[in-house]
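Student: If you scroll down you'll find the structure; I have some questions about it.
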Amino acid sequence: MEHSGLDLLGAEEGGVPGWGGLIGPIVQAAGGIAQGGLSIYEQQEKEKKAKAESASEVAAAIRDDAAAASALANAAASTMLKRPTADIDQATANAALSRSRSHGPSQGRADAAQKALDAATAAARKNPKDAYKMALARAWVQIANVADNALVKAADQPKGGDTGWGESWWTRPAVGKIPGWGVVAGGGGVLVGLGLAIKKWLL
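The opening residue of the sequence shown carries number 96 in our numbering; numbering runs sequentially from there.
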């Protein structure tokens with residue numbers, strides 16, 4: 096059987112479908128798969144950005160924790176030694192502690208605070224008559240508690256069924272109630288099925 100150019104573009108002869116009837120579904124299925132790939136890329140970029148922002152936040156929290164511990168120790172030493180700047184030092188310490196408490200939970204932050212507490216405690220034991228070192232050890236106890244309490248509060252909050260992976264194009268409904276992975280799998284099945292039908296028709 097011979098087919099003209101018109102037949103191949105969509106004409107039907109003897110009940111045999113032309114190429115025109117197959118091109119539309121193929122293009123539509125391929126477009127859906129391409130869109131799925133783009134959505135996956137966008138999700139990956141969002142995750143990378145979130146990780147970078149999280150690392151920056153942890154670093155900022157660690158810096159503010161160290162500043163708060165130093166300010167608290169300085170205020171305590173000023174009060175103990177009856178310095179004329181004791182009131183100002185205490186106000187500075189309170190502001191620094193407030194900044195420390197403003198940060199969210201982070202295991203990296205808690206670990207850093209514990210490490211600093213261990214170092215400050217060891218230094219205070221070697222110099223028990225050093226008012227500042229003794230005050231710094233006590234300050235780090237307070238800061239370490241702030242970091243640990245943030246983790247405890249976060250753990251107590253309901254997750255709402257969140258698995259920790261977050262919703263992406265793969266898991267959220269993309270077509271009706273069908274998730275993204277189902278659309279891609281279905282699109283792949285359409286392409287394979289159409290390919291087999293074309294091959295059978297040509298042969």
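All residues carry an ideal CB built from backbone N, CA and C; glycine is no exception. Model, not experiment: these values are computed from the prediction.
What three-state label does DSSP hand asparagine 222 in the structure shown?
Tutor: Indexing the sequence shown from 1 puts residue 222 at position 127. Residue state, collapsed to three classes: coil.
Student: Around the Cβ of asparagine 222, are there at least 16 other Cβ atoms within 10 angstroms (buried) or fewer (exposed)?
Tutor: Here residue 222 is taken as the residue at index 127 of the sequence shown, counted from 1. Looking at its Cβ environment, which holds fewer than 16 other Cβ atoms inside 10 Å, asparagine 222 is exposed.
Student: Does DSSP put threonine 180 in a helix, in a strand, or in coil?
Tutor: Counting from one through the sequence shown, the residue named residue 180 turns up at place 85. Three-state result, threonine 180: coil.
Student: Is glutamine 209 helix, strand or coil by DSSP?
Tutor: As a first step, residue 209 must be located in the sequence shown, where it is residue number 114. Note: glutamine 209 maps to helix in three-state DSSP.
Student: Assign alanine 190 to one of two classes, buried (16 or more other C-beta atoms within 10 Å of its C-beta) or exposed (fewer than that).
Tutor: Residue 190 sits at position 95 when you count from the first residue of the sequence shown. The residue in question, alanine 190, is exposed, as its Cβ has fewer than 16 Cβ neighbours within 10 Å.
Student: Can the beta-carbon of valine 153 be found closer than 7 Å to that of arginine 220?
Tutor: Start at 1 with the first residue of the sequence shown, and residue 153 comes out as number 58. Start at 1 with the first residue of the sequence shown, and residue 220 comes out as number 125. No.
Student: Can you round the beta-carbon distance between serine 195 and aspartate 225 to whole angstroms, since I take them to be within the 8 Å contact cut?
Tutor: Start at 1 with the first residue of the sequence shown, and residue 195 comes out as number 100. Start at 1 with the first residue of the sequence shown, and residue 225 comes out as number 130. Contact flag wrong, Cβ pair sits at about 23 Å.
Student: Give the secondary structure of serine 197 by DSSP, where H, G and I count as helix, E and B as strand, and everything else as coil.
Tutor: Translated into the one-based positions of the sequence shown, residue 197 becomes position 102. Three-state result, serine 197: coil.
Student: Could you tell me the distance, in whole angstroms, from the CA atom of alanine 163 to the CA atom of leucine 246?
Tutor: Within the sequence shown, residue 163 is the residue found at index 68, counting from 1. Within the sequence shown, residue 246 is the residue found at index 151, counting from 1. Using only the alpha carbons, I get a separation of about 19 Å.
Student: Have a look at tyrosine 227 and alanine 170 and give me their C-alpha separation to the nearest angstrom.
Tutor: The sequence position of residue 227 within the sequence shown is 132, counting from 1. The sequence position of residue 170 within the sequence shown is 75, counting from 1. Their Cα atoms are separated by approximately 9 Å.
Student: Of the residues Thr187, Ser173 and Asn240, which one's Cα is nearest the Cα of serine 201?
Tutor: Against the sequence shown, residue 201 aligns to sequence position 106. The candidate whose alpha carbon is nearest that of serine 201 is Asn240.
Student: Have a look at Ala168, Leu212 and Ala155 and flag the residue whose alpha-carbon is nearest the alpha-carbon of alanine 181.
Tutor: To locate residue 181, count along the sequence shown from 1; it is residue 86. Nearest of Ala168, Leu212 and Ala155 to alanine 181, Cα basis: Ala168.
Student: Can you tell me the Cα-Cα spacing of alanine 208 and alanine 214, whole angstroms?
Tutor: Taking the sequence shown and counting its residues from 1, one reaches residue 208 at position 113. Taking the sequence shown and counting its residues from 1, one reaches residue 214 at position 119. Rounded to whole angstroms, alanine 208 to alanine 214 spans 10 Å at the Cα level.
Student: Could you check the C-alpha separation between alanine 155 and alanine 242 for me, to the nearest Å?
Tutor: Working through the sequence shown from its first residue, we reach residue 155 at position 60. Working through the sequence shown from its first residue, we reach residue 242 at position 147. The alpha-carbon atoms of alanine 155 and alanine 242 are separated by roughly 13 Å.
Student: Taking its Cβ as the centre, do 16 or more other Cβ atoms sit within 10 Å of alanine 150, making it buried, or is it exposed?
Tutor: Sequence index remark: in the sequence shown, residue 150 carries index 55 (1-based). Exposed: under 16 other Cβ atoms inside 10 Å.
Student: Check each candidate in Ala217, Arg233 and His198 and name the one with the smallest Cα separation from lysine 248.
Tutor: Position 153 of the sequence shown, counted from the first residue, corresponds to residue 248. The shortest C-alpha separation from lysine 248 is found at His198.
Student: Can you list, in chain order, the residues of its chain whose CB lies under 7 Å from that of aspartate 172, leaving out five sequence neighbours each side?
Tutor: Taking the sequence shown and counting its residues from 1, one reaches residue 172 at position 77. Here residue 172 is alanine; the residue named in the question, aspartate, does not match the sequence. Only Ala226, Tyr227 and Ala230 meet the Cβ criterion.
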